[in-house]
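Undergrad:
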Amino acid sequence: MAVSTTFSGAKLEALLLKCSSSSSSPPPSRSSFTTFPGQNRRTLIQRGVIRCDAQPSDASSVAPNNATALSALEQLKTSAADRYTKERSSIIAIGLSVHTAPVEMREKLAIPEAEWPRAIAELCSLNHIEEAAVLSTCNRMEIYVLALSQHRGVKEVMEWMSKTSSVPVSELSQHRFLLYNNDATQHLFEVSAGLDSLVLGEGQILSQVKQVVKVGQGVNGFGRNISGLFKHAITVGKRVRTETNIASGAVSVSSAAVELAYMKLPEASHDNARMLVIGAGKMGKLVIKHLVAKGCKKMVVVNRTEERVAAIREELKDIEIIYKPLSEMLTCAGEADLVFTSTASENPLFLKEHVMDLPPASQEVGGRRFFIDISVPRNVGSCVSDLESVRVYNVDDLKEVVAANKEDRLRKAMEAQAIIAEESKQFEAWRDSLETVPTIKKLRAYAERIRLAELEKCLGKMGDDIPKKTRRAVDDLSRGIVNKLLHGPMQHLRCDGNDSRTLSETLENMHALNRMFNLETEISVLEEKIRAKVEQNQK
Numbered sequence: 001m002a003v004s005t006t007f008s009g010a011k012l013e014a015l016l017l018k019c020s021s022s023s024s025s026p027p028p029s030r031s032s033f034t035t036f037p038g039q040n041r042r043t044l045i046q047r048g049v050i051r052c053d054a055q056p057s058d059a060s061s062v063a064p065n066n067a068t069a070l071s072a073l074e075q076l077k078t079s080a081a082d083r084y085t086k087e088r089s090s091i092i093a094i095g096l097s098v099h100t101a102p103v104e105m106r107e108k109l110a111i112p113e114a115e116w117p118r119a120i121a122e123l124c125s126l127n128h129i130e131e132a133a134v135l136s137t138c139n140r141m142e143i144y145v146l147a148l149s150q151h152r153g154v155k156e157v158m159e160w161m162s163k164t165s166s167v168p169v170s171e172l173s174q175h176r177f178l179l180y181n182n183d184a185t186q187h188l189f190e191v192s193a194g195l196d197s198l199v200l201g202e203g204q205i206l207s208q209v210k211q212v213v214k215v216g217q218g219v220n221g222f223g224r225n226i227s228g229l230f231k232h233a234i235t236v237g238k239r240v241r242t243e244t245n246i247a248s249g250a251v252s253v254s255s256a257a258v259e260l261a262y263m264k265l266p267e268a269s270h271d272n273a274r275m276l277v278i279g280a281g282k283m284g285k286l287v288i289k290h291l292v293a294k295g296c297k298k299m300v301v302v303n304r305t306e307e308r309v310a311a312i313r314e315e316l317k318d319i320e321i322i323y324k325p326l327s328e329m330l331t332c333a334g335e336a337d338l339v340f341t342s343t344a345s346e347n348p349l350f351l352k353e354h355v356m357d358l359p360p361a362s363q364e365v366g367g368r369r370f371f372i373d374i375s376v377p378r379n380v381g382s383c384v385s386d387l388e389s390v391r392v393y394n395v396d397d398l399k400e401v402v403a404a405n406k407e408d409r410l411r412k413a414m415e416a417q418a419i420i421a422e423e424s425k426q427f428e429a430w431r432d433s434l435e436t437v438p439t440i441k442k443l444r445a446y447a448e449r450i451r452l453a454e455l456e457k458c459l460g461k462m463g464d465d466i467p468k469k470t471r472r473a474v475d476d477l478s479r480g481i482v483n484k485l486l487h488g489p490m491q492h493l494r495c496d497g498n499d500s501r502t503l504s505e506t507l508e509n510m511h512a513l514n515r516m517f518n519l520e521t522e523i524s525v526l527e528e529k530i531r532a533k534v535e536q537n538q539k
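When we follow UniProt numbering, the leftmost residue of the sequence shown carries the number 1, and every step to the right adds one.
#1: Return the CA-CA distance between Ser385 and Val145, expressed in angstroms with no decimal places.
#2: Does the separation of the CB atoms of Ala121 and Gly221 fall below 8 Å?
#3: From the DSSP output, in three-state form, read off Asp464 for me.
#4: With Glu113 as the anchor, note down where its beta strand (DSSP E) starts and where it stops.
#5: So is Gln208 buried or exposed if we call it buried at 16+ other beta carbons inside 10 Å?
#6: Can you find at least 3 beta carbon pairs, one from the segment 102-110 and one from the segment 127-141, that sit closer than 8 Å?
#7: Relative to the ligand GTP, is the shortest distance from any of its heavy atoms to the C-beta of Tyr446 smaller than 7 Å?
#8: Mind reading off the beta-carbon distance from Leu206 to Ser192? Whole number of angstroms is fine, and I expect it under 8 Å.
#9: Taking its Cβ as the centre, do 16 or more other Cβ atoms sit within 10 Å of Ser487, making it buried, or is it exposed?
#10: Which ranges would you report for the beta strand (DSSP E) in the segment 97-150 if only whole runs of at least 3 residues count?
#11: Could you round the C-beta distance between Val380 and Ala256 to whole angstroms and report it? I think they count as a contact, below 8 Å.
#12: Evaluate Gln150 with the Cβ neighbour count: other Cβ atoms within 10 Å of its Cβ, from every protein chain shown; 16 or more gives buried, anything less gives exposed.
#13: Mind checking whether Ile419 and Arg241 have CB atoms under 8 Å apart?
#14: According to the neighbour-count rule (16 or more other Cβ atoms, all chains shown, within 10 Å of its Cβ), is Ile481 buried or exposed?
#15: Can you pull the DSSP bridge partners for Asn509?
#16: Got a sec? Which residues, its chain only, sit under 8 Å from Ser165 by beta carbon, not counting five neighbours each side?
#17: For Met329, which residues from the same chain have a beta carbon less than 6 Å from its beta carbon, with the 5 sequence-adjacent residues on both sides left out?
#18: Please look up how many angstroms separate the CB atoms of Met510 and Leu485, rounded, as I've assumed it's under 8 Å.
#19: Hey, Ile92 and Ser254 are a contact pair by Cβ (cut 8 Å); roughly how many whole angstroms apart?
#20: With a cut-off of 8 Å on the beta carbons, I'd call Ala119 and Ile129 a contact; round off their distance for me.
#21: At what residues does the beta strand (DSSP E) containing Leu338 begin and finish?
#22: Starting from Met356, follow the alpha helix (DSSP H) in both directions and report where the run begins and ends.
#23: Let me know if Leu286 comes out buried or exposed under the rule of 16 or more other beta-carbons within 10 Å of its beta-carbon.
#24: How long is the line joining the alpha carbons of Lys210 and Ile234, rounded to whole angstroms?
#25: Which residue comes first and which comes last in the alpha helix (DSSP H) that contains Phe370?
#26: Consult DSSP for Arg479 and reduce its assignment to one of helix, strand or coil.
#27: With a Cβ-Cβ cutoff of 8 Å, do Leu349 and Leu276 count as a contact?
#28: What first and last residue would you give for the beta strand (DSSP E) that runs through Lys324?
#29: CB-CB under 8 Å to Trp160, same chain, minus the five flanking residues each way: which ones, in chain order?
Next up, the structure:
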């Protein structure tokens, strides 16, 4: 068995000791489950998680020198290595959404887009995480990882989430959802299609999934499996919206916020209520447009700069849009009856002490000022709700608007599920095809070495004065023979969903070729994975 001498026994010893010390970790608790539109699917935890069985006494006997690297690798292969070689890495989705956690919890875990690359790097520095991605919006904070071990991967990610949010793991576990492999794939496809949104079919989530791919480009850790998953999710989102009517009549979070505001305002004040929008980004712009659709002709918009507000004013020429800088925000709030907030601020813009001294709202709206906060983290502190003169609503309160069309939601969701099921099979077939890539590469390299050696012998016997044309013809002949001989084995190593061959059949073929040609793919993959993690953690 060939083992690289650069992969020292000391590194293997450290990994074996780590595996041994963590073998007593408790099994993961049963995760909560979420019911999605049109189905009754539970989040699942695979039973019988493979544990690291290396004993401390065995690990401690491994001497840190190259002479013992072989025995260390043998121990790892027969014990802890099983989870790396006999089972492929798992795609895991861990997160909180509007369906499982209140906004008070979600805002603690929210990760700004600018911080996504840092989060990916930190996640991939964990011992059992190979790839990662973060999807953080006002309705969800979800982490997708490719893990070498399901049990340890979940444990490490949960500890990382706890560390970054200062929320205990026990508390996170009460609100998280946890999905593996096919379930994780299907969940992301449902998210991208708008099936998991508070507002069914809303289009903004597809843009946010696209942004994950855009931000992840070139980031170490946003690897082939996870990037492939998100790219496929974009395809699913587009296809569902094209082939079903799920987006017809669909509303966004912004439009639902405007709808909620008009539900709460006295009907007589709809035409005269004084409107203030804080934030002129994507969400704020949509709020403005939906207010206009409701008949609003005048509003004040507070933003950090005037450029975006001017662009909106140019687009909506018949509407009086008054720009005010952030420094005048409190003054503007005191002159408004209805305040929409949608900024990316990580700290509240309004606290109790800011709002309590504001002049009362107009009598047309009952003397109470309404705050509709669709930001996560929230722009309006929860303490503001203590004031009698104020009513505060956040994204979780939009459920009241959404409940009105529940039956239509379920019907449209079922139309999309068939597409998602089909696309999930295609993605899994693509992942299955990756399993045999190392064997395919090694088999080709093995055949190429033999071809070159035999070609060199043949040309040597033919003498030094061989014409270039003859040399090229002999070379082409040898390549042709090798390619034809490899064609059959290569076909039986492919499992892309285009034929009836199952993954188990393909893997049997792979193991047979490994044995016949002594390709040692499993050891090479194991060594490569462990070396990569060790080197990464030493940087």
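Cβ atoms here follow ideal geometry from the backbone N, Cα and C, with glycine treated the same way.
TA: Checking against the coordinates, here is how it stands:
#1: 38 Å
#2: yes
#3: coil
#4: Where Glu113 is concerned, there is no enclosing beta strand (DSSP E), given that its DSSP letter is neither H nor E.
#5: buried
#6: yes
#7: The model on display carries no ligand, and the ligand GTP is accordingly not part of it.
#8: 6 Å
#9: Sequence inspection shows His at residue 487; the Ser mentioned does not correspond to that position. Classification for His487: exposed.
#10: 129-136 and 140-147
#11: In fact, because the Cβ distance is near 17 Å, the residues do not count as touching under 8 Å.
#12: buried
#13: no
#14: exposed
#15: According to DSSP, Asn509 bridges with nothing at all.
#16: Lys108, Leu109 and Leu172
#17: Val302
#18: Not a contact, Cβ separation roughly 17 Å.
#19: No, Ile92 and Ser254 are not in contact; Cβ-Cβ is about 32 Å, not under 8 Å.
#20: Contact flag wrong, Cβ pair sits at about 12 Å.
#21: Leu338 to Thr341
#22: That residue, Met356, is in no alpha helix (DSSP H); it is neither H nor E in DSSP.
#23: buried
#24: 7 Å
#25: It is not in any alpha helix (DSSP H) - Phe370 instead sits in the beta strand (DSSP E) that spans Arg369 to Asp373.
#26: helix
#27: no
#28: Glu320 to Pro325
#29: Glu122, Leu123 and Leu126
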